[in-house]
Structure formats: structure tokens, C-alpha cells
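Here is the structure we will look at.
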Amino acid sequence: MPGGEEGGPSKGLRSKKGNVDVEDVGYEDAAMLSEPPSLASIREAINDTMAKSMSEWDIKLSQQLRQLQSNFSEDVKRQLGEIRIEFRQMVEETAGKVEATSRRLDEAEGRIEEVESFGIEVKEYIAALKKTQQELKSKVTELEGHSRRNNIRIYGIKEGTEGTSMVTFVETLLKAELSDSTGLTDLGIERAHRALGPRPAEGAPPRSTLVKFLKYSTKEKIISAAWKKKISVDGQRVFFDHDYATAVMEKRREYLPIKKLLKQNGIRFHTPMTRMRVFLDSGTVTYQSAEQAAEDLRAKGFLISPSPKRNAPERPSLPWERVKEKRSGIQRDYRQRVKDRLQEFHHHSVETAAEETPPSTLT
Numbered sequence: 001m002p003g004g005e006e007g008g009p010s011k012g013l014r015s016k017k018g019n020v021d022v023e024d025v026g027y028e029d030a031a032m033l034s035e036p037p038s039l040a041s042i043r044e045a046i047n048d049t050m051a052k053s054m055s056e057w058d059i060k061l062s063q064q065l066r067q068l069q070s071n072f073s074e075d076v077k078r079q080l081g082e083i084r085i086e087f088r089q090m091v092e093e094t095a096g097k098v099e100a101t102s103r104r105l106d107e108a109e110g111r112i113e114e115v116e117s118f119g120i121e122v123k124e125y126i127a128a129l130k131k132t133q134q135e136l137k138s139k140v141t142e143l144e145g146h147s148r149r150n151n152i153r154i155y156g157i158k159e160g161t162e163g164t165s166m167v168t169f170v171e172t173l174l175k176a177e178l179s180d181s182t183g184l185t186d187l188g189i190e191r192a193h194r195a196l197g198p199r200p201a202e203g204a205p206p207r208s209t210l211v212k213f214l215k216y217s218t219k220e221k222i223i224s225a226a227w228k229k230k231i232s233v234d235g236q237r238v239f240f241d242h243d244y245a246t247a248v249m250e251k252r253r254e255y256l257p258i259k260k261l262l263k264q265n266g267i268r269f270h271t272p273m274t275r276m277r278v279f280l281d282s283g284t285v286t287y288q289s290a291e292q293a294a295e296d297l298r299a300k301g302f303l304i305s306p307s308p309k310r311n312a313p314e315r316p317s318l319p320w321e322r323v324k325e326k327r328s329g330i331q332r333d334y335r336q337r338v339k340d341r342l343q344e345f346h347h348h349s350v351e352t353a354a355e356e357t358p359p360s361t362l363t
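Heads up: the sequence shown begins at 1 in UniProt numbering, then just goes up one per residue.
Here's what the structure looks like:
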């Protein structure tokens, strides 16, 4: 059959070709060509290879971690030991400094106590001296007043009017103006002169004239009569007054603004010694000081300028009290508290270091 013939040669040709292929290829390749590998077999082979590699890597990593842990533990222990030594040294140095500071404080407290005691004694002594000084000043002022009790001062006599003799000039003036009212023929003037000090310039107020009498009674009669009469010399009115002590004059000088105001308002007043007696419409008022008079008159509606200050105000004494108790007991308590706190901190640091130390084996 044609078909058979056609099919025969074809089959023979394929067989021949197939025989050539089998002979040229090896046995294993032929098996692979005949049976290709599956995906599962490939995955299994990869897993086996990775398992072997991971096992070896785990062993090496475990060994390295153990070595690293051992080195780290030794390093931490060494550093903690160094820190403990340094901390102990710092604690000892701090304790020494605290002890030295405490000794210095105790020494300073002792010195301060001595200074306080000395200061209190000095303060008491100064207070006693000031009291004695005031008493002595009062006595000196009183003695000075007694030494001037026979004197009078005349204000307003022009410089040079007295001529060559002040005693003769004053005696002539007093006899001419006051002989009728006093009835004195012998005034008994011991001496008379201008107030000590340089001669004032032309046009300036003249210096006052001091007159001392032998008898106090004569002086009182002269000044009483002079206050009742207006006396003028060369057309210039002159005024008579007691010769007060310096301290009294300073206090009387404080009344000058008040006197000026009262004269402007036509109000009568007297100034006996260091006081002022004012005759107001509401009645007579006596003031013991210029400050008291100025304050009361301001309250009544008078405009009074400040008086000249006699002296600067005294500086108030500073309060200084003795310390009731020493700080030695307080220092001992403080040192004990510091010591306890340092020991507590030391124990806490040791416990913390022990808790933070890693284990020696890897689990």
C-alpha cells in the first residue's frame, strides 16, 4: 500500500534518528531528559543546604556571643570597681572638707560670740557715756549761764559809735535813758565790749555789745527798764536782752521764723530762756521747743517756714542681740545626716550595678 510504504520509511527514519540521539547523550542526561526534576525536590534540596549552613552559623554566633558576654562582664566589673574606688575617695575627701569646714565654722562662731559680747559691752558703755555727756553738758550750760547772769547784750549799736571807751559810752547811754526809771546813780559796770569776732563789712549788721555789772540786782533793774522803753542811738533803735549761754542761744535761734511771723501778724510773745509764750486771741500758750510751737501754729493756720536745725539727728543705734545657742549641736546633726545619705547612696549604687550585670551564659 502506498500509505504503508510512506509510513514505513518515515518510521524507520525516526527510529534511526532516535538511535543516534540515545547514543550521543549520557545515561544521566538521558534520564533527566526522560524524567525532569519537580519543584518540591528542588525546594527540599535548598532547605537541606540552608539547614546545614544555619546550623554552622548558629554555632559560630553562639560562640562569639559567649565571648562577647564574657568580655563585657569583665569590663563592667572592672569599671564598677574603678568607680567604687573613685567614689570612695570622693566621699572621703568630701567628709574631710565637711569636717574642716565644721571646725572653721565652730572657730568663727567662737570669734563672733566674742565680738558680739564685746559689741554689747561697748554699746552699753557708749550709752552710759552719752548719758554722762548729756548730764555734763547740762551742768556746763548751767555753769555758763551762772557766769553770765550779771551780763546784758545790747543789739543795734553801730560800729564805731562807742568811741575809745565802750564802758564810758554804755554808762552814759544807760544813765541818760534809764536813770529816771531805775533810780541808779552808780551802775557798777565791770566791763563792756563788742562780741568777739571780726568787724563786719560796711552795711552789715553790727556786732552786739556785752555789758557786765558787778551786781545782779543792778542788771535786772536795767534790763527791766529797757524792755519798757524804746531806746535809740543815732536814730537806730537798740534792743536789750540777757546774755544767754551758747546752748541756750542755739535753741532760741530756732524760734526766729516763728518770731518773724508773729510780728507780721501783730501777735505778742515772750521767749523766756528756751521756751516761747504766745498771747493768742484764744488764750496764752507756752511752747517748750520751736518744733512744738511750729507744729501747733501750723495747725492753727499759720504758714511757718522750717526752723534752722541745731544739730544733725543722732544716728540710731543698731540692734545687736546675743545668739541664744551655739551651732555645735546643729553641726553634729548635719554631719550625721550627710554621712547617712552617702552610705545610702553607696549601697544603692552597688545593688543597681549587681542588677544590671548580664548573665555569664546564653540561654
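Virtual Cβ for every residue (Gly too), placed ideally from N, Cα, C.
Check	Outcome
Hey, how far is the Cα of T182 from the Cα of V238?	18 angstroms
So Y255 packs on M276, CB below 8 angstroms; how close in whole Å?	6 angstroms
In this structure, does DSSP put G119 in helix, strand or coil?	helix
What residue does the beta strand (DSSP E) around N212 start on, and which one ends it?	Here residue 212 turns out to be Lys, not Asn, going by the sequence shown. That run of the beta strand (DSSP E) goes T209 to F213.
Take the Cβ of T209 as the centre, count every other Cβ of all protein chains shown within 10 Å, and call the residue buried at 16 or more, exposed below.	buried
In or out: K219 buried (at least 16 other Cβ within 10 Å) or exposed?	buried
Between which two residues does the alpha helix (DSSP H) holding I157 run?	It is not in any alpha helix (DSSP H) - I157 carries neither H nor E in the DSSP assignment.
Name the two residues that bound the continuous beta strand (DSSP E) containing A247.	Run containing A247: none in the beta strand (DSSP E); it sits in the alpha helix (DSSP H), T246 to R253.
How would you call V278, buried or exposed, if buried means at least 16 neighbouring beta carbons within 10 angstroms?	buried
Look at the alpha carbon of L174 and the alpha carbon of D241, and state the distance between them as a whole number of angstroms.	14 angstroms
Who pairs with S232 in a beta bridge, going by DSSP?	R237
Measuring CA to CA, which of L184, S55, E159 and A225 is closest to P200?	E159
Since T284 sits in a beta bridge, which residues does DSSP pair it with?	F279
Under three-state DSSP, which class holds residue 365?	An answer regarding residue 365 cannot be provided, because it is not within the stretch 1 to 363 covered by the chain.
On the DSSP bridge assignment, give the partners of H270 in chain order.	R277
Can you list, in chain order, the residues of its chain whose CB lies under 6 angstroms from that of S138, leaving out five sequence neighbours each side?	none
Can you name, in chain order, every residue of its own chain whose Cβ lies under 6 angstroms from the Cβ of S360, other than the five neighbours on each side?	Here the model assigns S360 a pLDDT of 39, short of 50, so the residue's position is not dependable and the matter cannot be decided.
Select from R153, M249, A247 and L143 the residue whose C-alpha is nearest the C-alpha of F213.	R153
Drop a sphere of 10 angstroms on the beta-carbon of N151, count the other beta-carbons inside from all chains shown, and report buried for 16 or more, exposed for fewer.	buried
Reducing DSSP to helix, strand and coil, say where E6 ends up.	Since pLDDT at E6 reaches only 42, below the 50 mark, its modelled position is unreliable, and no value is offered.
With A192 as the anchor, note down where its beta strand (DSSP E) starts and where it stops.	I189 to R194
Hey, L262 and R268: beta-carbon distance below 9 angstroms or not?	yes
For the alpha helix (DSSP H) containing D180, list its first residue and its last residue.	M166 to T182
Among R194, K215 and Y216, which one has its Cα closest to the Cα of R207?	R194
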